[in-house]
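Peer 1:
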Amino acid sequence: MDEWTPASLVVSSLGVIVTLLMGIIWWFLRRTITENDRAHRAMVNDITDLKADTAVVKTDMAVVKTDMAMVKTDITGLKADMTVVKADITGLKADMAVVKANMAAILTLVEQRRPEATRQ
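Here the sequence shown is numbered in our numbering, starting from 2 and rising by one per residue.
1) Pick helix, strand or coil for Pro116, following the three-state DSSP scheme.
2) From the DSSP output, in three-state form, read off Glu36 for me.
3) Give the secondary structure of Trp27 by DSSP, where H, G and I count as helix, E and B as strand, and everything else as coil.
4) Would you report the Cα separation of Trp27 and Val45, rounded to the nearest angstrom?
5) Sorted by chain position, which residues of the same chain lie with C-beta nearer than 6 Å to Asp47's C-beta, five sequence neighbours on each side aside?
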């Protein structure tokens, strides 16, 4: 078959068109796959970074929990200290009452022993 017939030209043209279309589809799919691969790598990197950040946050939370336990202990100690201080203040008030009573007694004795002429 050395001659080109209209049917053979159509078939050849269709073959060329199909080949071009397949080439375009192949190029598009390859480009899409490459873009998806890049996006997937970026997502994997983001997930890795997120895991690392999560580990840091977990460590920080453990430190915060430890610090909070220390603060609670300190608050408990301060409450106990405040109770002691309140008791000391109560004791000082009682001591001051005794001192006032003793001062009054001393003044009374001094007044009684002073000569009559110097009393006012």
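The beta carbon of each residue, even a glycine, is placed where N, CA and C say it ideally should be.
Peer 2: Walking through what the data contain:
1) Taking the first residue of the sequence shown as 1, we reach residue 116 at position 115. For Pro116, the three-state secondary structure derived from DSSP is coil.
2) As a position in the sequence shown, residue 36 is number 35, starting the count at 1. Three-state DSSP puts Glu36 in a helix.
3) Indexing the sequence shown from 1 puts residue 27 at position 26. Looking at Trp27 - three-state DSSP - the assignment turns out to be helix.
4) Working through the sequence shown from its first residue, we reach residue 27 at position 26. Working through the sequence shown from its first residue, we reach residue 45 at position 44. For Trp27 and Val45, the distance between alpha carbons rounds to 26 Å.
5) For the purposes of this step, residue 47 is taken as residue 46 along the sequence shown, with counting starting at 1. Answer for Asp47: no residue qualifies.
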